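What follows is one structure encoded as structure tokens, with my remarks underneath.
In my numbering, the protein residues as written are 469 to 859.
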């Protein structure tokens, strides 16, 4: 029991370190661009590139598990995050920022590719709820990154403020080294490996996760600059992103807790997608007058949608190995889709100087998500004890 509790704490610490390296950029973006000469497209790469690497890492989850194992692969990943943060303090220039975005993305990819499978194998009876809580820890880390980094930057400069996240990453690495199991629990299965590339259902789940996560990456990268363009300070815009992220954590925890009551996930999905749509409309029409309800609505929409997207995919299977195959595909392709959102927003801002077009595009994408969610009936496309159908 003690070992299980230590493992749970280690999982939470790992989750908390997967987003500060991304969330800390937005509130400081104006200062970073001024000091380094990055344009809007280059600035967007600081969020898009890590998400691309996260997607590629998820697709390579099986290979990573075979070559490194879950324990060593996750440890290596969090150490890469620590190294990326440290380099941003030592060499604060545009080339280093781009390179460390790739390095941090690789570290995040290692952890995200390997940890869900470990959760599924170590906690088979409650893995859905634990993955939801792990997702909330990820969003909690984003809140800390957005809130604390601008205040640190005011005292020690933006580069060392970014580098300060080396310390919690090293703490997570040390705790994981102490608490992690020596090797993954072997899972026996007579079921074949999933042919996800030929399954329409797998592609639907991947697209749903990707478009939903695009809303998260878009807000993470461009919400603070949007409000600094409306004459907010870096500290105020960082606190706004932190408050929004805390709303995401609360919403994610609540949604995860309600899962047993709603086997038909469409009920929860309808609520969170409507909240997301309303928040995006508020950003377009009255960003200053409605800032508090916008923060709450976006927090509910984004915060609950992220874990729900993973849980909906996991609902399809009981076998840990097949679940790992499916989640790797869903997250891998999904993160590649999500990476396009900050980049497209950067292009729009580069040539139109208007981020409202990005919120409008995401609102349209949310309507598409509503149509997709209507297909997730409890008995449609569920493949609990057999491979995904090729149809």
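Cβ atoms here follow ideal geometry from the backbone N, Cα and C, with glycine treated the same way.
All of these numbers come straight from a predicted model, not from anything done at the bench.
Item, Value
"Quick check on the burial criterion: 16 or more other C-beta atoms within 10 angstroms. Buried or exposed for residue 470?", "exposed"
"Leaving aside the five residues before and after residue 808 along the sequence, list all residues of the same chain whose C-beta is less than 8 Å from its C-beta, in chain order.", "516 and 682"
"Out of curiosity, what's the CA-to-CA distance linking residue 735 and residue 842?", "10 Å"
"Can the beta-carbon of residue 768 be found closer than 8 Å to that of residue 798?", "no"
"State the CB to CB distance for the pair residue 620 and residue 629, rounded to an integer number of angstroms; the pair is presumed to be in contact (CB under 8 Å).", "4 Å"
"Leaving out five residues before and five after residue 731 in sequence, what residues of the same chain have Cβ atoms less than 7 Å from its Cβ?", "846"
"Taking the beta carbon of residue 832 as the centre, do at least 16 other beta carbons fall within 10 Å, making it buried, or is it exposed?", "exposed"
"What do you get for residue 733, buried or exposed, if any count of 16 or more other CB atoms within 10 angstroms of its CB means buried?", "buried"
"Any idea if residue 531 is buried or exposed, counting beta-carbon neighbours within 10 angstroms, 16 or more meaning buried?", "exposed"
"Is residue 627 near residue 560, with beta carbons less than 8 Å apart?", "yes"
"Could you give the residue range of the alpha helix (DSSP H) that holds residue 644?", "634–647"
"In the DSSP assignment, find the alpha helix (DSSP H) that holds residue 552 and state where it starts and stops.", "529–558"
"Does DSSP put residue 687 in a helix, a strand or coil?", "helix"
"Closest to residue 673 by C-alpha separation, out of 785, 694 and 747, would be which residue?", "785"
"Can you give me the C-alpha to C-alpha distance between residue 486 and residue 514, rounded to a whole angstrom?", "15 Å"
"Return yes when the Cβ of residue 702 is within less than 8 Å of the Cβ of residue 529, no when it is not.", "no"
"Does the beta-carbon of residue 608 have 16 or more other beta-carbons within 10 angstroms, so that it is buried, or is it exposed?", "buried"
"Between residue 632 and the rest of its own chain, which residues show a CB-CB distance below 6 Å, the 5 nearest in sequence each way excluded?", "620"
"By how many angstroms is the C-alpha of residue 548 removed from the C-alpha of residue 721?", "28 Å"
"Can you give me the Cβ contacts of residue 579 inside the same chain, cut-off strictly under 7 Å, excluding the 5 residues immediately before and after it?", "482, 486, 542, 545 and 546"
"Once DSSP output is grouped into helix, strand and coil, what is the label at residue 601?", "helix"
"Please determine, among 708, 495, 776 and 711, the residue with the shortest C-alpha to C-alpha distance to residue 728.", "776"
"Evaluate residue 783 with the Cβ neighbour count: other Cβ atoms within 10 Å of its Cβ, from every protein chain shown; 16 or more gives buried, anything less gives exposed.", "buried"
"Quick check: what's the CA-CA separation for residue 773 versus residue 475?", "26 Å"
"Assuming residue 490 and residue 533 are in contact, meaning their beta carbons sit under 8 Å apart, how far apart are those beta carbons, in whole angstroms?", "Going by Cβ atoms, the distance from residue 490 to residue 533 rounds to 24 Å, so no, they are not a contact pair."
"Would you mind stating whether residue 709 and residue 614 have Cβ atoms separated by less than 8 Å?", "yes"
"Please classify residue 760 as buried or exposed, where buried requires at least 16 other C-beta atoms within 10 Å of its C-beta.", "exposed"
"Identify the continuous alpha helix (DSSP H) that holds residue 501 and give its terminal residues.", "497–504"
"Assuming the contact rule is C-beta atoms closer than 8 Å, residue 748 and residue 830 should be a hit. Round their C-beta distance to whole Å, please.", "6 Å"
"Tell me where the alpha helix (DSSP H) around residue 747 begins and ends.", "734–753"
"May I ask you to report which of helix, strand or coil DSSP gives residue 508?", "helix"
"Let me know if residue 646 comes out buried or exposed under the rule of 16 or more other beta-carbons within 10 Å of its beta-carbon.", "exposed"
"Look at the alpha carbon of residue 655 and the alpha carbon of residue 540, and state the distance between them as a whole number of angstroms.", "Bear in mind that the predicted position of residue 655 carries a pLDDT of just 48, short of 50, making it unreliable; the figure below should be weighed with that in mind. Computed Cα separation, rounded: 19 Å."
"Determine the burial state of residue 568: buried for a count of at least 16 other Cβ atoms within 10 Å of its Cβ, exposed for fewer.", "buried"
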